[in-house]
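In my numbering, the protein residues as written are 84 to 569.
Quick reminder that beta carbons are idealized off the backbone N, C-alpha and C, glycines included.
For reference, the structure discussed in these notes is given below.
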Amino acid sequence: MSRPAGRPSADGGFVKEIPPKDAEFSDWYTAVVLKAELADYAPVRGCIVVRPYGYTIWELMQQGLDRRFKATGHTNAYFPLFIPQGFFAREAEHVEGFAPEIAWVTRGGGAELTEPLGVRPTSETIVGHMYARWIRSYRDLPVLINLWNNVVRWEKATRPFLRTMEFLWQEGHTAHRTEEEAEAEARQMLDVYRDFAERDLAIPVLAGRKPESEKFPGAAHSYTIEALMPDGQALQSGTSHNLGQNFARAFGIKFLDSDNAEKYAYTTSWGVSWRLLGGLIMVHGDDRGLALPPRVAPFQVVIVPILSGKERDAVLEEARALARRLAAAGVRARLDDRTEVTPGYKFNDWEMRGVPLRVELGPRDLARRQAVLVPRAGAKDTAALERIEAAVSEALEAYGTQLFHRAKRYLDEHIVPASTMAELVEAIAGRRGFVRVRWCGAATCEAALRQASGASPRVIVDEAADGACLACGAPGTQVVYYARAY
RNA sequence: CGGGGCGUAGCGCAGCCUGGUAGCGCGUCUGCUUUGGGAGCAGAAGGCCCCCGGUUCGAGUCCGGGCGCCCCGACCA
């Protein structure tokens, strides 16, 4: 962590105290989180305090997701933080998967509890318990509920946003009449996640199914969106699970169908967390700091007035009018009228915080009835004050598109095909990103590929295998992308 | 969880080896001058040297134990 104070970053920029992204990626990430005031370390191991600027980003992410959840028929509800110990044991795979990570409350009110309470690592069990009470008839289905909450998992190694002991997320829980309906739900929500990641966060992803070894404990099967980070590692960014009848059987979620037969429901669950915010930082940030796509930027535009000479009051007045006009046009604009720092300082400061667009307004602009528009890390342009709303909205749109395309190009360039086990091993060792692997579907072959490469199978995509399994030489049946993962 | 590194002013660090008055840069505060890519001058404030214990006349410094953070690896929803 130690480095010379004030060393200029690699691009010759002025942002101090942020290590170069390429050379010291981990330190760079931590520095951006702290310097941009997204979060700070809490006095509890593995926990963070999310500061207002970071929390605003999370709120904007919530809005983008929540809107999509509502549009697909879901409603929000709240379930308890504490889960009775016995609930975890009902589903065998589930308890095995989560047991090591559960925090237990054993005392309360000054006395030992008769039954310890687990702090939820996820809510499938307690949701299952309640769904069993609520569901009687096929007419009660489907149940489409989403929860915005916090969960706790006792992690050994933590990093801000990417893996914390307590984190914020959403978990959707649905119950359905048929297997087909549950499957459609799980796939639909995966697509919602993909759409959100790509449109709102400008993060391109690989979407598909999880191999058996990587699926959620207790799921029939899991789907995932996987994003690629600049260090060549994959970030599991969202998951959607078809839980089959596993939890329905464990918790007795039964209903009378129209054929008068009692049946178990089919359930799903799906979630994304503030880990997405970590991915956002890594994918778009640079040596100058954070870079935010417009849809989740707390301030989409910062207005910097150049307050010099006699025009001072006129400039400030026009800048205020500008801020009002942009706000009226639905743009999140912030006027930086601080007098204690220079414009140059503000430029660097807001770039470090990732604001997509800067609008400069000085005496010269005022005389010409124009403003200077500068996309973060982009070239200066001017726009007439008369059409500033349109110019700003176009610039924001262009900036967001540019972020996505840059990230997409990076992803595309870092998907490498492997025809042999040796090529897989070499590509992973070189940290080149996702490696496209043909696989026969056998668990033994998967284990062999994992063992040889040190990477894990991140996602099985919907593509036909175009050759033999890399492990055994039998005809390939699936295409799997391997990568080292967060 | 294993190996390594680091905890000293808000931030970045020196001081520790060889025990004896707590230092530097940036930032902060006050005043004046400034303001189109991190402004200048003058003055000032700011410290449980991570915590607990030990050695010593005396510990930021030496010894033991904890806690936290970072890096590499292992493990993992």
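For this session: With distances taken Cα to Cα, identify the nearest neighbour of Ala478 among Ala510, Gly368, Lys463.
Result: With respect to the C-alpha of Ala478, the residue from Ala510, Gly368, Lys463 having the closest C-alpha is Lys463.
For this session: Could you spell out where the alpha helix (DSSP H) holding Gly129 opens and where it closes?
Result: Per DSSP, Gly129 belongs to no alpha helix (DSSP H) and is neither H nor E.
Exercise. Can you tell which of Arg216, Trp252, Glu238, Tyr221 has the C-alpha that lies nearest to the C-alpha of Asn232?
Worked result: Taking each of Arg216, Trp252, Glu238, Tyr221 in turn and checking the Cα distance to Asn232, the smallest one comes out for Trp252.
Exercise. Among Pro377, Pro167, Tyr428, Val442, which has the Cα closest to the Cα of Ser48?
Worked result: In the structure as shown, the chain begins at 84 and stops at 569. Residue 48 is therefore absent and cannot be evaluated.
For this session: Mind the definition here: the region 346-355 touches the region 238-255 only if three or more C-beta pairs lie below 8 Å; say whether that holds.
Result: The answer is yes - the region 238-255 touches the region 346-355, with three or more Cβ pairs under 8 Å.
Exercise. Counting pairs of Cβ atoms below 8 Å between the region 177-188 and the region 292-302, do you hit three or more?
Worked result: Three or more Cβ pairs closer than 8 Å define a contact, and the region 177-188 meets that threshold against the region 292-302.
For this session: Report yes if the CB atom of His259 is closer than 9 Å to the CB atom of Ala348, and no otherwise.
Result: Contact: yes.
Exercise. Helix, strand or coil: how does DSSP classify Lys104 here?
Worked result: Of the three classes helix, strand and coil, the one that applies to Lys104 here is coil, per DSSP.
Exercise. Comparing alpha-carbon positions, which option in Leu405, Cys523, Val499 lies nearest Ala474?
Worked result: Answer by Cα proximity: Leu405.
Problem set entry | CB-CB length for Thr560 against Cys523, believed under 8 Å | At roughly 6 Å, the Cβ-Cβ gap stays under 8 Å, so Thr560 and Cys523 are in contact.
For this session: Measuring alpha carbon to alpha carbon, tell me which of Ala460, Leu440, His304, Ile471 ends up nearest Arg452.
Result: When only C-alpha atoms are compared, the closest one is Ile471.
Exercise. So which of Ala460, Thr465, Leu440, Arg441 has the shortest CA-CA distance to Arg571?
Worked result: The requested residue 571 does not occur in the structure, where the chain is confined to residues 84 to 569.
Exercise. Using the rule of at least 16 other Cβ atoms within 10 Å of the residue's Cβ for burial, across every protein chain shown, is Ser536 buried or exposed?
Worked result: Its Cβ being crowded by 16 or more others within 10 Å, Ser536 is buried.
Exercise. Residues in its own chain within less than 6 Å of Phe334 by CB, not counting five upstream and five downstream?
Worked result: Scanning its chain for C-beta atoms nearer than 6 Å, with the 5 sequence neighbours on each side dropped, one finds around Phe334 the residues Gly211, His212, Ala215, in chain order.
For this session: Kindly list the residues whose CB is nearer than 7 Å to the CB of Cys130, restricted to its own chain and excluding five residues on each side of it in sequence; keep chain order.
Result: Excluding positions up to five away in sequence, the list reads Thr247, Met248, Glu249.
For this session: Output the boundary residues of the alpha helix (DSSP H) element that contains Val385.
Result: Val385 -> not in any alpha helix (DSSP H); beta strand (DSSP E) instead, spanning 384-388.
Exercise. Out of curiosity, what's the CA-to-CA distance linking Arg395 and Arg236?
Worked result: A straight line joining the alpha-carbon of Arg395 with that of Arg236 spans about 54 Å.
Problem set entry | For Arg222 and Lys153, the rounded distance between their alpha carbons | Distance between the alpha carbons of Lys153 and Arg222 is about 21 Å.
Problem set entry | Contacts around Trp187, its chain only, beta-carbon distance under 8 Å, and the 5 residues preceding and following it disregarded | Taken in chain order, the residues that qualify are Gln168, Pro199, Leu200, Gly201, Val202.
Exercise. Should the region 153-162 be called in touch with the region 286-294, which here means at least 3 C-beta pairs below 8 Å?
Worked result: The region 153-162 vs the region 286-294: no contact.
For this session: Could you please give me the residues that DSSP links to Asn325 through a beta bridge?
Result: His304, Thr351, per the DSSP bridge assignment.
For this session: For the region 257-277 and the region 365-380, state whether three or more C-beta atom pairs, one from each stretch, are separated by less than 8 Å.
Result: The region 257-277 is not in contact with the region 365-380.
Problem set entry | Separation of Thr422 from Leu273, as counted between CA atoms | Straight-line Cα distance between these residues: approximately 48 Å.
Exercise. Under 9 Å, do Gly315 and His488 count as touching if we go by C-beta distance?
Worked result: Cβ distance not < 9 Å, so Gly315 and His488 don't count as in contact.
Problem set entry | Boundaries (first-last residue) of the alpha helix (DSSP H) holding Lys393 | For Lys393, there is no enclosing alpha helix (DSSP H), since its DSSP letter is neither H nor E.
Exercise. With a CB to CB cut of under 8 Å and the five nearest residues on each side skipped, what residues in its chain are close to Val414?
Worked result: Around Val414, the same chain offers Gln383, Val384, Glu472, Val475, Ser476, Leu479 as residues with beta carbons nearer than 8 Å, after the five sequence neighbours per side are excluded.
Exercise. Are there 16 or more other CB atoms within 10 angstroms of the CB of Ala104, so buried, or fewer, so exposed?
Worked result: With the sequence shown as reference, residue 104 is identified as Lys, and Ala is not the correct amino acid for it. So Lys104 ends up on the buried side.
For this session: With DSSP as the reference, please indicate the residues paired to Leu289 in a beta bridge.
Result: For Leu289, the pairing in a beta bridge is given by DSSP as Glu309.
For this session: Scan the region 149-184 and note each continuous beta strand (DSSP E) run of 3 residues or more that stays entirely inside, going in chain order.
Result: 158-160, 165-167, all fully within the region 149-184.
Exercise. With DSSP run on the structure shown, which of helix, strand or coil describes Thr484?
Worked result: Helix, per DSSP.
Exercise. From this set, Ala411, Leu456, Leu326, which residue's C-alpha is nearest Glu176's C-alpha?
Worked result: Per the Cα distances, Leu326.
For this session: Within its chain, find whatever has a CB closer than 6 Å to the CB of Gly137; leave out the 5 residues flanking it on each side and keep chain order.
Result: By the criterion of a C-beta distance shorter than 6 Å, Gly137 is surrounded in its chain by Leu121, Ala122, once the five residues flanking it on both sides are discounted.
Problem set entry | Residues bridged to Asp464 [DSSP beta-bridge criterion] | Beta-bridge analysis with DSSP links Asp464 to Leu456.
For this session: Give the DSSP bridge partners of Phe244, in chain order.
Result: Paired residues: none, contrary to the question.
Exercise. Should Pro558 go down as buried or exposed, given a rule of 16 or more other Cβ atoms within 10 Å for buried?
Worked result: With fewer than 16 neighbouring CB atoms inside 10 Å of its own CB, Pro558 falls in the exposed class.
Exercise. If we count the other Cβ atoms within 10 Å of its Cβ and call it buried at 16 or more, is Val520 buried or exposed?
Worked result: The residue in question, Val520, is buried, as its Cβ has 16 or more Cβ neighbours within 10 Å.
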